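Asker: Under this note's numbering, think of the first position of the sequence shown as 1, with each following residue one higher. We treat Cβ as the ideally placed atom computed from N, Cα and C, and that holds for glycine. Keep in mind the model is a prediction, meaning the values are calculated, not measured.
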Amino acid sequence: MHRFPSMSSIRSAVRSRNSNRCSMSTKPHKSLRTIDEMPHKKSLPIIGTKFDLFSAGGGKNLHKYIDMRHKQLGPIFYERLTGKTKLVFISDPTHMKSLFLNLEGKYPAHILPEPWVLYEKLYGSKRGLFFMDGEDWLINRRIMNKHLLREDSDVWLRAPIRTAVFHFICNWKLRAQSGNFSPNLESEFYRFSTDVILAVLQGNSALLKPTPEYEMLLLLFSEAVKKIFSTTTKLYALPVELCQRWNLKVWRNFRQSVDDSISIAQKIVYEMLHTKDAGDGLVKRLRDENMSDELITRIVADFVIAAGDTTAYTSLWILFLLSKNTEILTEINDNDQYVKNVVKEAMRLYPVAPFLTRILPKQCVLGPYL
Numbered sequence: 001m002h003r004f005p006s007m008s009s010i011r012s013a014v015r016s017r018n019s020n021r022c023s024m025s026t027k028p029h030k031s032l033r034t035i036d037e038m039p040h041k042k043s044l045p046i047i048g049t050k051f052d053l054f055s056a057g058g059g060k061n062l063h064k065y066i067d068m069r070h071k072q073l074g075p076i077f078y079e080r081l082t083g084k085t086k087l088v089f090i091s092d093p094t095h096m097k098s099l100f101l102n103l104e105g106k107y108p109a110h111i112l113p114e115p116w117v118l119y120e121k122l123y124g125s126k127r128g129l130f131f132m133d134g135e136d137w138l139i140n141r142r143i144m145n146k147h148l149l150r151e152d153s154d155v156w157l158r159a160p161i162r163t164a165v166f167h168f169i170c171n172w173k174l175r176a177q178s179g180n181f182s183p184n185l186e187s188e189f190y191r192f193s194t195d196v197i198l199a200v201l202q203g204n205s206a207l208l209k210p211t212p213e214y215e216m217l218l219l220l221f222s223e224a225v226k227k228i229f230s231t232t233t234k235l236y237a238l239p240v241e242l243c244q245r246w247n248l249k250v251w252r253n254f255r256q257s258v259d260d261s262i263s264i265a266q267k268i269v270y271e272m273l274h275t276k277d278a279g280d281g282l283v284k285r286l287r288d289e290n291m292s293d294e295l296i297t298r299i300v301a302d303f304v305i306a307a308g309d310t311t312a313y314t315s316l317w318i319l320f321l322l323s324k325n326t327e328i329l330t331e332i333n334d335n336d337q338y339v340k341n342v343v344k345e346a347m348r349l350y351p352v353a354p355f356l357t358r359i360l361p362k363q364c365v366l367g368p369y370l
């Protein structure tokens, strides 16, 4: 779920979970090299290359750090960022295709940020899809795909999203008329992301009344979500367990932001589940799938939290690029269909998720390595 702001190409970090073998190569095994023979940077016991990452600017520069390693070591290498595990990074399109088509298995598993894993271990709060594995993940992912990713999904999604966009633009216009309007774009887009997701959850027929208390709740929530990702980044280059054991400020800030986000998200979902008019949004659709209220709360709460930084930072990059290429604004005004191309180009230049990770279920052949 953690994102970094700029990268020219998607990279994949791969970790092998057990020693079962499945070969996806026609090369005889005797010609293959082991992971120990893979290009890598020398590391220290226990801490690995954490000092290198820290000196490169910490977690916020991880994408640049790995890009530098690719330039030094080539399209495939391993790094002991955590000190314990060899993380394999690849940038070769052929290797990526082989990984996602042939090697990830029936239940794709990804690497979770270390602070999130520790929080889950300490406080045992059951979470949504992002923390599920195996058959449990597959069943619930299929249900979500059915309502969000099918070709006709936009039929029911369009109305609530347009309603949220309309209110966002009207709010900005109203505030601009009062003069001295200088919005905090990051905070505004985090809040906008939250509003869109909530509209999708409720549908267009049963939007919750925007009372002052509800507005304050959403403001607190969007700020807490924003802090989750900023504090996660700060913890990346640090020994997380020591930060927690010594109760350092960086850990306290992370824990508080997660506590607040989960608590508020659960409260919002509870209100949706117990309103008299269930609406026609995603919450009702999940209920119609006979999903329990407890499971809906877990999945939807994570869904709301995860939406924060993705669209927020993509929107920021789009505005930045448009400000540097004003001639594109003219083209957009002449043909609003061109907006799709602008979004695609912004995401190509600055992908919101430059790393896609997988934990391989079996020991496999990846390129020339076993």
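What's the C-alpha gap between L366 and K86?
Answerer: About 15 Å.
Asker: Check Y338 in the structure and name its three-state DSSP category.
Answerer: It is helical.
Asker: On a Cα-Cα basis, can you pick out the residue from N180, N171 and R191 that is closest to S315?
Answerer: Taking only the C-alpha atoms, the option nearest S315 is R191.
Asker: Given a threshold of 16 other Cβ atoms within 10 Å of its Cβ, counted over all protein chains shown, does Y65 qualify as buried or as exposed?
Answerer: Buried is the call here.
Asker: Is it right to say M38 is buried, meaning 16 or more other beta carbons lie within 10 angstroms of its own, or is it exposed?
Answerer: Flag for M38 reads buried.
Asker: Going by CA-CA distance only, name the one from T211, G57 and H40 that's closest to P75.
Answerer: The option with the nearest alpha carbon to P75 is H40.
Asker: Classify K50 as buried or exposed, calling it buried when 16 or more other Cβ atoms lie within 10 Å of its own Cβ.
Answerer: Classification for K50: buried.
Asker: In angstroms, rounded to a whole number, what distance separates the CA positions of Y107 and D136?
Answerer: Computed Cα separation, rounded: 10 Å.
Asker: One question on the structure: do I268 and L129 come within less than 8 Å of each other, judged by their Cβ atoms?
Answerer: In this structure, L129 does not lie closer than 8 Å to I268 by Cβ.
Asker: With H, G and I counted as helix, E and B as strand and the rest as coil, what does DSSP make of S25?
Answerer: Because the pLDDT at S25 is just 46, under 50, the model does not fix this residue reliably, and the point stays unresolved.
Asker: Go ahead and pull the three-state DSSP assignment for V88.
Answerer: Three-state DSSP puts V88 in a strand.
Asker: Are the region 299–310 and the region 197–205 in contact at 8 Å, needing three or more beta carbon pairs?
Answerer: Counting Cβ pairs under 8 Å, three or more are found: they touch.
Asker: Looking only at its own chain, which residues have a Cβ that is under 6 Å from the Cβ of N253, when we skip the five neighbours before and after it?
Answerer: Only T231 meet the Cβ criterion.
Asker: Whole-angstrom Cβ separation of A237 and G58, contact assumed at under 8 Å?
Answerer: Rounded, the Cβ-Cβ distance is 4 Å, consistent with contact.
Asker: Express the C-alpha separation of T297 and Q266 in angstroms, rounding to a whole number.
Answerer: So the two alpha carbons sit approximately 6 Å from each other.
Asker: Rounded to a whole number of angstroms, what is the C-alpha to C-alpha distance between R150 and I228?
Answerer: Looking at the two C-alpha atoms, the distance is approximately 31 Å.
Asker: My output table needs one value for N20: the three-state DSSP class, helix, strand or coil.
Answerer: Note that N20 has pLDDT 45, beneath the 50 cutoff, so the model's placement of it is unreliable and no number is given.
Asker: Which parts of the region 31–91 are runs of the beta strand (DSSP E), unbroken and 3 residues or longer, counting only runs that do not cross its ends?
Answerer: Counting whole runs of 3 or more residues, the region 31–91 contains the beta strand (DSSP E) stretches 76–79 and 87–90.
Asker: E271: buried (16+ other C-beta within 10 angstroms of its C-beta) or exposed?
Answerer: Exposed, by the Cβ-count rule.
Asker: Can you tell which of L73, L174 and S292 has its C-alpha closest to the C-alpha of N140?
Answerer: Answer by Cα proximity: S292.
Asker: Return the chain-ordered ranges of every beta strand (DSSP E) run that is complete within the region 84–135 and spans a minimum of 3 residues.
Answerer: Listed in chain order, the complete beta strand (DSSP E) runs (minimum 3 residues) inside the region 84–135 are 87–90.
Asker: Taking 7 Å as the limit between beta carbons, can you name the residues of its chain near L329, skipping five residues before and five after?
Answerer: Same-chain partners within the cutoff: L322.
Asker: Per DSSP, what kind of secondary structure is Y313 in: helix, strand or coil?
Answerer: DSSP places Y313 in helix when its eight states are reduced to three.
Asker: Would you mind reading off the limits of the alpha helix (DSSP H) that contains R158?
Answerer: Looking at the DSSP string, the run of the alpha helix (DSSP H) that includes R158 is D154 to Q177.
Asker: Buried or exposed: which applies to E104, given that a residue is buried once 16 or more other Cβ atoms fall within 10 Å of its Cβ?
Answerer: Burial call: buried.
Asker: Please state the DSSP three-state secondary structure of R358.
Answerer: Residue state, collapsed to three classes: strand.
Asker: Taking only three categories from DSSP, how would you classify Y369?
Answerer: Y369: strand per DSSP, three-state reduction.
Asker: Comparing alpha-carbon positions, which option in H63, L118 and S31 lies nearest P351?
Answerer: Of H63, L118 and S31, the residue nearest in Cα terms is H63.
Asker: Do S261 and V225 have their C-beta atoms within less than 8 Å of each other?
Answerer: In contact: S261 and V225 (Cβ atoms closer than 8 Å).
Asker: Could you tell me the alpha carbon to alpha carbon distance between P115 and K97, rounded to whole angstroms?
Answerer: Approximately 30 Å, taken between the alpha carbons.
Asker: Out of C364, I359 and Q363, point me to the one whose CA is closest to G134's CA.
Answerer: G134 has its Cα closest to that of I359, out of C364, I359 and Q363.
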